[in-house]
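Just so you know, the sequence shown maps onto residues -25 to -1, 1 to 363 in mature numbering (1 follows the signal peptide of the UniProt record, and there is no 0).
In what follows, a single structure is set out as structure tokens and then discussed.
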Amino acid sequence: MKKKTTVLLTAVMTGAIMLSACGNAGTEKASSSEQKEVNVAATGPLTINPDIPSDKKIMSKGPHGEEAVSAKTLKLTEEEIDKIKQGKYKAAIVMHYAGNDWSTAQINGLKAAFKRMGIEVVAVTDAQFKAEKQVSDLETVLAQKPDLIVSIPVDAVSTADAYKKAAAAGVKLVFMDNAPQGLQAGKDYVSVVSADNYGNGIEAADIMAKQLGEKGDIGVVFHDADFFVTKQRTEAFEATMKEKYPNIKIVARGGVTDPNQGEKVASAMLTKNPNLKGIFAVWDVPAEGVLAAVRTAGRNDLAITTIDLGTNVALDIASGGNVKGLGAQLPYDQGISEAILAGYAFLGKQAPPYVAVPSMKVTKENVLDAWKLVYHQDAPDVIQKAAK
């Protein structure tokens, strides 16, 4: 079934060529998942993009309260890369879901870095947000005897035993965003790498406050699941509103367990609270549903902010729509960071338990530059045309 959001956006942008890919939960949406693979530099040290600002304080803490180490500090020298190549290592990438912009960029970043490091990628799996499928994926991957697994757990509790089995088999583990329950950094896994999700939540709050003139009633669409990074985003957004903008009141909250529930939740929210001036959605896919609900309600005046620079929300930002801005992750560089930390493990080099990539504010004024920084390539033509 096609998402209504995609239909709405294509109707608004007449003649737009949408880049389609399989979205989460079996839906279809406009996506940059057909992004071209971008290679990292063939010589010199391996680092994340040096153009990412290094003066931003990381606001997030790790899943166990760890202080964040900036991904800007990670590096492998040419000599270290040559040593890693001699190991002829194999890696598997075990995703919670794939086919969206964030996941595609993560995988592309990992593959590019692994290619430079001489590490063979033997599997890339998609759990479709189902813990039982991810457990099965891990069992299938382990049969291929990888030296490394890079993964993001669907559920920190129900997948924990499967990851413990991998660790007991001597497989190096590097996690995206969260660690399974009961596993320890430095013992069972190498490190956790995330975006500065708390910082991105603050960015979304500041953008919303500016749009509303620092006053008005708003709603929040949060992730109703025990998922570490999405909790951080919502906590940051709500805390920033309470502490910095006392005249903005959060009068409605609605949770989603499936990312495609955003429209249903937002529609109910707008019905009960017709005077809402803005809605925050915890990431871009629920935000697309919020956008659909807002359009259906004829609320062109309502401001939406979110996290993640997906194609549809970027298109709406560029065209001056309801989505006024967001806090962007840098998933390609997060993937490179995870690969570098895997290299640390193979070299026996000390790795920090928690690493974060700096947050990034995105509005209409910088959406094209932001896209290039996030995905390491120019924005799709449809977004470039909308921005002009």
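Just so it is clear, CB atoms sit at the ideal spot from N, CA and C, and this is done for glycine as well.
Being a predicted model, the structure only gives us computed values, none of them experimental.
Could you spell out the range, first to last residue, of the alpha helix (DSSP H) harbouring A331?
-> One-based indexing of the sequence shown puts residue 331 at position 356. Per DSSP, A331 belongs to no alpha helix (DSSP H); it is in the beta strand (DSSP E), 329 to 332.
Would you call E218 buried or exposed, if buried means 16 or more other Cβ atoms sit within 10 Å of its Cβ?
-> The residue you call residue 218 lines up with position 243 of the sequence shown. Its Cβ having fewer than 16 others within 10 Å, E218 is exposed.
May I have a chain-ordered list of the alpha helix (DSSP H) segments no shorter than 4 residues that lie completely inside the region 138 to 201?
-> 172 to 186
Exposure label - K347; buried when at least 16 CB within 10 Å | The sequence position of residue 347 within the sequence shown is 372, counting from 1. So K347 ends up on the exposed side.
Work out the CA separation of L343 and V46 for me, nearest whole Å.
-> As a first step, residue 46 must be located in the sequence shown, where it is residue number 71. As a first step, residue 343 must be located in the sequence shown, where it is residue number 368. Contrary to the premise, residue 46 reads as Ala rather than Val in this sequence. Their Cα atoms are separated by approximately 23 Å.
Tell me whether I315 sits in a helix, a strand or coil according to DSSP, three-state version.
-> In the sequence shown, counting from the first residue as 1, residue 315 sits at position 340. Helix, per DSSP.
Can the beta-carbon of E178 be found less than 8 Å from the beta-carbon of V195?
-> In the sequence shown, counting from the first residue as 1, residue 178 sits at position 203. In the sequence shown, counting from the first residue as 1, residue 195 sits at position 220. No, the Cβ-Cβ distance between E178 and V195 is not below 8 Å.
Pairwise C-alpha distance: T338 and A142 = Here residue 142 is taken as the residue at index 167 of the sequence shown, counted from 1. Here residue 338 is taken as the residue at index 363 of the sequence shown, counted from 1. The alpha-carbon atoms of A142 and T338 are separated by roughly 42 Å.
Relative to the C-alpha of F150, which residue among M335, S169, V132 is closest?
-> Within the sequence shown, numbered from 1, the residue matching residue 150 stands at position 175. Here the closest residue by C-alpha is S169.
Report yes if the C-beta distance between L158 and K139 is below 8 Å; otherwise report no.
-> Here residue 158 corresponds to residue number 183 of the sequence shown, with the count starting at 1. Here residue 139 corresponds to residue number 164 of the sequence shown, with the count starting at 1. Yes. Within cutoff.
Leaving out five residues on either side along the sequence, give the residues of the same chain with a beta carbon under 7 Å from the beta carbon of F89.
-> Sequence index remark: in the sequence shown, residue 89 carries index 114 (1-based). Answer for F89: A66, V96, A314, listed in chain order.
Between the CA atoms of A160 and T215 - distance to the nearest angstrom = Working through the sequence shown from its first residue, we reach residue 215 at position 240. Working through the sequence shown from its first residue, we reach residue 160 at position 185. In a straight line, the C-alpha of T215 is about 30 Å away from that of A160.
For chain B, find out if any of its Cβ atoms is closer than 8 Å to the Cβ of N83; answer yes or no.
-> The chain labelled as chain B is not found in the depicted structure, where only one protein chain is given.
Cutoff 6 Å; reference D122; Cβ partners in own chain excluding five residues on either side = Here residue 122 refers to the residue found at position 147 of the sequence shown. Closer than 6 Å at Cβ, skipping near neighbours: Y64, K65.
Run the CB neighbour count on P249, radius 10 Å, all protein chains shown included, and call it buried at 16 or more, exposed below.
-> Here the question's residue 249 lines up with position 274 in the sequence shown. Looking at its Cβ environment, which holds fewer than 16 other Cβ atoms inside 10 Å, P249 is exposed.
Per DSSP, cross-strand counterpart(s) of G300 = For the purposes of this step, residue 300 is identified with residue 325 of the sequence shown, where counting begins at 1. BP columns for G300 point to T280.
State the Cα-Cα distance for the pair P234 and N297, rounded to the nearest angstrom.
-> Locating residue 234 in the sequence shown gives position 259, counting from the first residue. Locating residue 297 in the sequence shown gives position 322, counting from the first residue. Roughly 19 Å separates the two Cα atoms.
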